[in-house]
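In this note's numbering, the protein residues as written are 5 to 143. Note that CB positions come from ideal geometry on N, CA and C, so glycine has one too. This one's a predicted model, so the numbers in the text were calculated from it and none came from an experiment.
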């Protein structure tokens, strides 16, 4: 299931500076995580959009192909899971806080300050909070 487009990439320096702000917000009750199919998903989508604006502006410089649509979500991973990726979409998985241990994406380690670009469903493990930038590409 080698679905990681490439090895992890370092976030732009400005984006890395936003991680602590986003991580702190995700760990509050305001984020309103709800378990759906064994995955804890942030339900406060407006609050998430507001808190991640600066992070995603910094990250936008990394996008080489302009997507026709973007969505942002956040997940609290606390058990091994599969990140679904719909056909015609890509997902940039950006860890913002590690509760402990190591994050792995398809058996490859992933550290804070780095992200991975996913094109297909991908298995992840570790206990961490992540922002997922979903991009639909014109085909």
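- prompt: Can you tell which of 58, 82 and 32 has its C-alpha closest to the C-alpha of residue 17?
  reply: 58
- prompt: In chain order, what residues of the same chain have a beta carbon less than 7 Å from the beta carbon of residue 127, not counting five sequence neighbours either side?
  reply: 5, 84, 86 and 110
task: Helix, strand or coil for residue 11, going by three-state DSSP, please let me know.
output: Residue state, collapsed to three classes: coil.
- request: Between the Cα of residue 98 and those of 113, 118, 89 and 51, spot the shortest distance and give me the residue it belongs to.
  value: 118
- prompt: Looking at residue 15 and residue 63, is the spacing between their C-beta atoms short of 9 Å?
  reply: yes
CA-to-CA distance, residue 79 to residue 40, given in whole angstroms: Residue 40 and residue 79: Cα-Cα distance of roughly 10 Å.
- request: Work out the CA separation of residue 101 and residue 24 for me, nearest whole Å.
  value: 8 Å
message: Can you find the residues in the same chain that come closer than 6 Å, C-beta to C-beta, to residue 61, ignoring five residues on each side of it along the sequence?
response: none
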